[in-house]
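Protein chains in written order, with this note's numbering: chain A, 1 to 398; chain B, 1001 to 1783; chain C, 2001 to 2176.
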């Protein structure tokens, strides 16, 4: 029996921060054992949004599973797509054949997704603690980004744009100009957010020395992403286990040592600026060329070929109905998501459908560290910590 | 182990037996070699040449499906030469193949699509040669029944020709030269297809050239769910997959790993439409008017309560699951306390299994027939009664060339085309024939006996049978259903006892669970697990008992009385007794029974059938209907009666799953060779048809398209004497008259006519009388 | 340290207990018998030139035809040396495995999820209960014999937890 459910003396009270709560960012049931206002023990209960995506993956081909990855972390869908697609490409062994233009487009989409996700984080984190203005400001910038996404692929929230072997279609005319405009104005906007919050006394009182986790504990509890960088761990998958064209781009990794909510806030704010830097470099360096590899064994061929040649049509049917034959083996690939490290573990037996697909979700691991972070704090600190951990239940419960 | 050799494939060493082919060795060890025209059902043809492999030391690639392994062979399955060779073959096939994947039915399970994908064909250098104007479009046979042939999609692998010839033994397809210079698959004589319509060619064609008209354009292969179940049309127990989409059965397929080797007959493959709701009983009926389930169950229980135990009888139709039969037995023996239970199995195998001789093995795997070096087919047309025995006989005699065939019947049948020693007698003379054969064989085997008969048995037959090491006895259902069927069974038992443990018995049955009826103990003379019991009540006595008023209430479980009785006898039973009728399919009995309760068909029920091998085959639920299983209806009636049926006993009885037959007979018995007194010049026989099994099979699309109405078969000389020509309608009269079409067949012996059973609307038992299959015939030309 | 050197170091200490090892797409995976699992994990974490201090994931794969039905997979990472490795072990259906949550805390919730989805029990786990499915659910969903659309018995769970007549209950169709 978990300690959080056992009442030891008459001062202790068990409180249920229930699944329906405006500040829990989703359906989280958080059971807290209180002694007055101090938290003695707690137990998060997840699983209210469990949809069985891992089981569904065993009945679908690799191409068919792509839209399901969008719905994991629905605030940064491009990054989820990217992690899954890179895991499948690693399995097939075609990682170095992806054309360069496709790689640059993927980086652009990933960084835009990171900025979009951090804007939502800022809005809701500040809103929970009480600052409503920040919500309206950051959602204004997010609209700009979502409009750009709609130009590229037609959707505002779940994109299915990054496919196995490249991207679905080339960027439309006018996308690059819009992107340039965005990068120019974004620096100023970040300064506005800093002016609202960073030296604000109420903000400092609510977030400094709250939710502390040490460096060793952060590694031991398996947290990754901005949460560990706020505790002094200098680790970022884009630099330490690089993928796509990140080695050719210049960017810094912000690391702060304090380990509390304020440090994580600063990490994310700096990350947004760094992502903007990456976007500026990509605009200049992006080459011309195809956006999808020409490997008829795995990827759809152009429609002209399919409609004119009978062998292309036959192969197309086999790829769609039975799925391409992936080589047998197992791979793991982790990508740097805005929330942490999203990893896909695929076990393939040589068929067209994966035998086992495991999604390593950052939010799942981050929530498991919550009891350690809030112990000894006040009830109101729960809200700050929830905001700073930034989890989404789509990927936590899968 | 002196005949194992070592071969090297792709660098690794493997062991193989001496006369295995390279393809078999590779498949056994998980190495993939594509092969389009090879199939385990008939062996290698060598027509497609895709299976070519490179052997170190030989210049050209050799075909691995036909080449046998030799010691020390080194084989490369994926070298460049081989891949180039295979690609050239596929280029030839792709040259003329129309761009129809989007509309072709086979798309998604097509062999040509798979081989194009595996070889990753990205260009076709032979495309320039194909001038669409130089080759006229090939024929598409729209006029064939049930099977649709499109010669444009054919890749000429000759699988259909081979399977029709070597497995089904009908041999109607061939590669025929056409006017445009090339060859196409067509019938040997060019006429529209008129065959058994078993659909084997459809199931084995790798492309969409041979397809089924009943399934055309209904669904895509990946949309359908497959449910493995057992066929319900005869006791072969062939495993098949019902392909279901949206709660409808759209087609039937079978896989290679089944005991019947993916073979199915016309009844099994094309008659899934019997389970459509328009052919089924839709609501319970009481006294002829629709009612609901609770009222019907209450009325049934009331009928059973209002009569004494000796006045109630139960009949099982041998088409329901073993669980249903066990529930009925428990209810009737423990609650109503009557032993008046019988099933349709007592018309044929019940008679034989109560006199089984010592040493004979009664339930054998059909594939074990390959161990027998003589096959003795007696008393029935094996191909019409149980096609699975026909395929196994063909495999033994034609493909593996292991056995000799001895047939004993009153006419030539399909298996005689394999080449057999033919023993012939007149219909009705079965016992005399068996006694004569017994006498001759006893002489050859030096067994002293005084049983003998008057028919002369040729010397070569006696020689073949007496020198046999293992004999397979294929006993037809027709012979055991003669008026003196019990005597036929006894004479046959004498014959089997002569050979002792050399005999493997295969007693055919057109009822899918007649062996289950023996296992459950619902057959006269058998108790649970097939143990012998005293004979108390027989199906044959039912009409008389009802007429005398001794039986007042009858419980029928899947037993349509019109399948074994004439219309007149059946109606008398329905008039005089209170009949409770549980069945799934619409029939004449529904009109006359007092209480009618619908139960689930074989596609909606869960249970087991026992087949001729004694195997408990699982029947799985594929579609959902709002109807209870027969077992549950019996449990509810029992509950209403006041008896709590112990369901645990049913499970316990099923868990045993082995028979406990008493094989007591160890000495020869004297059998009186009675016959049948034919009056008049023509002898009439009621035979089984390949296209009907139970009257409800007339609802099936495949069976009714293949043969819509029954035909009377008559010898050409008799037809000439009576002035009848092929296709005329005649009135055949025995106890009463029936109007059927006539067909002249020169394999019919002179003086004999035959009419088939179970065609809806033409009850053959009206002519011959209930439960007999011989009659004195009078023919008159009708209009 | 390259993969071959890593494999040599592990083999030199645990050679008899290694069932098999494989290298695919640059990742090394070692299968070890489950009695020595915790020892190997401690060795990998504490050895000064390996220092695998980060546990990425714990999961299981189901092979219903094999006697040792489940394959447990642990993915390890060393932040200081930038190395990755995979440790696997096998277990039968009713046999528990030692838990590694004492070595890495992140294994706590991952092992709870493995227990919930597959039914594998862990010894010395501080709090082994269901995490994603409801607490009184029967059955383990990610096993290969659990049907995709659920079992008809799942309707009974809804009966117990929902008031009568409040919500339309889903009717179970036949499952693949």
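For glycine and all other residues, C-beta sits at the position ideal for the given N, C-alpha and C.
Alpha carbons only, please: which of B/1127, B/1602, B/1528 and B/1253 is nearest the one belonging to residue 1652 of chain B?
B/1528
Let me confirm a value: residue 194 of chain A is counted as buried when at least 16 other C-beta atoms fall within 10 Å, else exposed. Which label applies?
exposed
Could you name the residues that DSSP lists as bridge partners for residue 31 of chain A?
A/16 and A/43
Just the Cα atoms here: how many angstroms apart are residue 108 of chain A and residue 279 of chain A?
So the two alpha carbons sit approximately 6 Å from each other.
Excluding the five sequence neighbours on either side, which residues of its own chain have a C-beta within less than 7 Å of the C-beta of residue 1319 of chain B, listed in chain order?
1232, 1511, 1512, 1513, 1558 and 1694
Are the beta-carbon atoms belonging to residue 1204 of chain B and residue 1154 of chain B less than 8 Å from one another?
No, Cβ-Cβ distance for residue 1204 of chain B and residue 1154 of chain B is not below 8 Å.
Give every residue of the same chain whose Cβ lies closer than 7 Å to the Cβ of residue 45 of chain A, excluding the five residues on either side of it in the sequence, and list them in chain order.
29 and 31
Whole angstroms are fine: how far does the CA of residue 348 of chain A sit from the CA of residue 981 of chain B?
Because chain B spans 1001 through 1783 in this model, residue 981 of chain B falls outside it and cannot be assessed.
Selection from C/2107, C/2079 and C/2139 that minimises the alpha carbon distance to residue 2117 of chain C:
C/2139
DSSP bridge partner residues for residue 1361 of chain B (one or two, in chain order):
B/1504
Please identify the residue among B/1032, B/1148 and B/1141 whose C-alpha is closest to the C-alpha of residue 1115 of chain B.
B/1032
Partners in chain A for residue 2053 of chain C, counting only beta-carbon separations shorter than 7 Å
Those are 219, listed as they occur along chain A.
Segment contact, 8 Å Cβ cut-off, at least three pairs: the stretch 169 to 189 of chain A with the stretch 138 to 158 of chain A
yes
Residues in its own chain within less than 8 Å of residue 207 of chain A by CB, not counting five upstream and five downstream?
129, 260, 261, 262, 265, 384 and 388
Within 8 Å of any Cβ in chain A, is that where the Cβ of residue 1108 of chain B sits?
yes
Roughly how far, in whole angstroms, is the beta-carbon of residue 1691 of chain B from the beta-carbon of residue 1585 of chain B, given that I think they are within contact range, below 8 Å?
Going by Cβ atoms, the distance from residue 1691 of chain B to residue 1585 of chain B rounds to 17 Å, so no, they are not a contact pair.
Would you kindly check if the distance between the Cβ of residue 2132 of chain C and the Cβ of residue 50 of chain A is under 8 Å?
yes
Name the DSSP beta bridge partners of residue 1449 of chain B, please?
DSSP output for residue 1449 of chain B lists no bridge partner at all.
What does DSSP give as the partner residues of residue 1554 of chain B in its beta bridges?
B/1313 and B/1579
Could you list which residues in chain B have their beta carbon closer than 7 Å to that of residue 374 of chain A, in chain order?
Those within 7 Å of residue 374 of chain A in chain B number zero; the least Cβ separation is about 49 Å.
Note the first and the last residue of the continuous beta strand (DSSP E) segment covering residue 1225 of chain B.
Boundaries of the beta strand (DSSP E) harbouring residue 1225 of chain B: 1225 to 1230, taken from the DSSP string.
Interface residues of chain A around residue 1243 of chain B at Cβ under 8 Å?
Those do not exist, as residue 1243 of chain B stays about 15 Å from chain A at its closest Cβ, beyond 8 Å.
Buried or exposed by the 16-neighbour rule on C-beta atoms within 10 Å, applied to residue 380 of chain A
So residue 380 of chain A ends up on the exposed side.
Classify residue 1732 of chain B as helix, strand or coil using the three-state DSSP reduction.
strand
Closest by CA to residue 170 of chain A, which one among A/288, A/284 and A/3?
A/288
Is the beta carbon of residue 1229 of chain B closer than 8 Å to that of residue 1622 of chain B?
yes
In whole angstroms, give me the CA-to-CA distance for residue 361 of chain A and residue 1029 of chain B.
Rounded to whole angstroms, residue 361 of chain A and residue 1029 of chain B show a C-alpha spacing of 40 Å.
Can you tell me whether residue 1024 of chain B is buried or exposed, with buried defined as 16 or more other CB within 10 angstroms of its CB?
buried
Give the interface partners of residue 311 of chain A over in chain B, defined as CB-CB distance under 7 Å, in chain order.
1094, 1116, 1121 and 1124
Could you list which residues in chain A have their beta carbon closer than 9 Å to that of residue 2003 of chain C, in chain order?
What residue 2003 of chain C touches in chain A: nothing, since even the nearest Cβ is about 14 Å away.
Just curious, the alpha helix (DSSP H) that residue 362 of chain A is in, first and last residue?
362 to 368
Tell me which residues share the same chain as residue 1415 of chain B and place their Cβ nearer than 7 Å to its Cβ, disregarding the 5 neighbours each side in the sequence.
1377, 1382, 1383, 1390, 1393, 1405 and 1407
When the Cα of residue 1475 of chain B is compared with those of B/1490, B/1642 and B/1082, which residue comes out closest?
B/1490
Restricting to runs no shorter than 4 residues, where is the alpha helix (DSSP H) found entirely within the stretch 1455 to 1517 of chain B?
1459 to 1466, 1477 to 1480 and 1485 to 1499
Flag this pair as yes or no: are the beta carbons of residue 1080 of chain B and residue 1056 of chain B separated by less than 8 Å?
no
If the cut-off is 9 Å on Cβ atoms, which residues from the stretch 2091 to 2109 of chain C count as contacting chain A, listed in chain order?
Result list: 2103, 2104, 2105, 2106, 2107, 2108 and 2109.
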